[in-house]
Structure formats: structure tokens, C-alpha cells
Amino acid sequence: MENKTAHPVLSVNGTDNGEARSNPKYWYAVYVRFRHEKRVRDVLETNEIECFLPIQEEIRQWSDRKKKVERVLIPMMLFVRIEDKQRVTVLSNPSVSGFVRLRGESRPARIPDDQMERFKFMVGAADSAIQFTDQPLTPGEKVRVVRGPLCGLEGELTEIDGDTVVYVRLDCLGCASVRIAMNSVEKISEKHGK
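Heads up, the sequence shown stops at 194 in the UniProt record's numbering, and the numbers go up one at a time, no gaps.
Printed below as a string of C-alpha cells:
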């Protein structure tokens with residue numbers, strides 16, 4: 001009996017072969033109006049544009065109560081994965097002010113898929129606060145998290161204000177970092193890390 005269900009053939013980077021050949025999608029960061037991040041995400045997703053808004057839940061303490069709130073990790077910014085022709089759709093949203101560009105460049109800065117995947121994993125799995133800085137960090141030792149909710153995350157190890165942190169670079173924006181215990185990471189050797 002023949003199976004008539006068609007399944008798309010996926011390439012290594014998770015795109016279907018037709019997309020990879022003709023209309024590749026790339027990750028970009030876009031600037032949005034203050035406190036409009038969720039609204040813009042919802043509208044773009046309605047237009048079938050893949051979006052990622054890095055949000056982390058935290059507990060806020062008021063004098064009379066505690067409440068879980070969502071904190072946007074990078075205010076006034078949203079990540080979109082689009083084909084070049086979809087840039088017009090993104091820019092047509094009145095709350096979008098433009099794409100992030102590298103200094104001196106006219107085209108929007110593309111964010112490599114592997115950097116976005118590590119960042120998305122960190123945001124989804126971290127059980128402590130993630131900090132984001134646009135200040136350049138000195139390259140650290142390449143490590144892999146071996147235990148805890150971030151197990152499998154690869155990044156760089158450094159010390160910030162006396163705390164050991166693992167950070168993930170987003171080349172055109174900066175670094176996302178999370179505190180981690182030294183016994184939760186292992187060094188990635190050069191020949192195995194690539």
C-alpha cells in the first residue's frame with residue numbers, strides 16, 4: 001500500500017529545499033515603538049511572518065502582593081525571519097521604525113541562524129534572569145552547559161561583576177548573558193567545537 005501523505009524534505013538548517021534555493025529566509029532585528037513589541041509581533045504573525053520576541057517571566061514584589069510579569073529582554077526590538085521581499089510588509093507597520101543596520105551599511109544586518117537558535121534556546125530554558133548588553137564583551141572560553149535547564153547551550157564563559165556567566169553573541173546587537181555555576185559547564189575543545 002502506497003503512502004500518499006506528502007512530507008516536505010528538510011535541509012540541515014530546517015528550511016525546505018525549495019525555500020533554500022529560491023527565497024531564503026534570514027533573521028533580522030527591527031526597531032519598534034516603546035511598549036509596542038507584543039502588538040507588532042501579533043500583527044506580523046497574522047501576516048504569516050515568523051517573529052521572535054525575547055520575553056522572560058519574573059516575579060515583581062509590590063507592598064501588598066507578588067505578581068508574575070513578562071519582561072521584554074530587549075525593549076523596542078523584535079526579531080523577524082523573512083525573505084527579502086517581505087521587508088516591505090514589516091516596514092508597513094506604523095510601529096516599526098526600521099531594520100537594524102551595521103554602521104556604514106545600507107542593507108539590514110542579517111543575524112546568523114545558529115546565533116538566533118542559541119539565543120532562543122537560552123531565553124526559553126533559562127531559570128535565572130537573562131541580561132542583554134550592547135557593549136562588546138572580550139571573547140571568552142568556548143563552553144557547553146552540561147547540566148541544568150540550559151544543558152546543551154554553547155556559548156562563551158566570562159566574569160561580569162564577579163559572577164560567572166555564559167553569553168551568546170548576536171553579532172550586530174551585542175550579547176545575552178545568564179549566570180551559571182562553574183560546575184555546570186565544560187570547555188569545548190577546538191577540534192570538537194566546530
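A virtual CB, placed ideally from N, CA and C, is assigned to each residue, including glycine.
**Bridge partner(s) assigned by DSSP for Ser177** = Gln131 and Tyr167
**Request:** Look at Tyr28 and Val80 and say whether their C-beta atoms are less than 8 angstroms apart.
**Result:** yes
**Message:** Rounded to whole angstroms, what is the Cα-Cα separation between Met116 and Cys51?
**Reply:** Going from the Cα of Met116 to the Cα of Cys51 covers about 11 angstroms.
**Request:** For the segment 14-69, list the beta strand (DSSP E) runs that are entirely contained and at least 3 residues long, ordered along the chain.
**Result:** 26-32, 50-52 and 55-61
**Message:** Taking contact to mean 3 or more Cβ pairs, one atom from each stretch, closer than 8 angstroms, check whether the segment 34-49 and the segment 122-129 are in contact.
**Reply:** no
**Message:** Quick check: the Cα distance between Pro54 and Pro139, rounded to an integer number of angstroms?
**Reply:** 23 angstroms
**Asked** Is Gly140 helix, strand or coil when you go by DSSP?
**Response** coil
**Asked** With DSSP run on the structure shown, which of helix, strand or coil describes Glu83?
**Response** coil
**Reduced DSSP category for Leu91 - H, G, I as helix; E, B as strand; rest coil** = helix
**Asked** Just reading off the beta strand (DSSP E) that Val123 is part of, what are its end residues?
**Response** It is not in any beta strand (DSSP E) - Val123 instead sits in the alpha helix (DSSP H) that spans Asp113 to Ala125.
**Message:** Tell me the DSSP secondary structure of Met76 in three-state form.
**Reply:** coil
**Request:** Sort out for me which residues DSSP pairs Gly155 with in a bridge.
**Result:** Answer by DSSP bridge pairing, in chain order: Val143.
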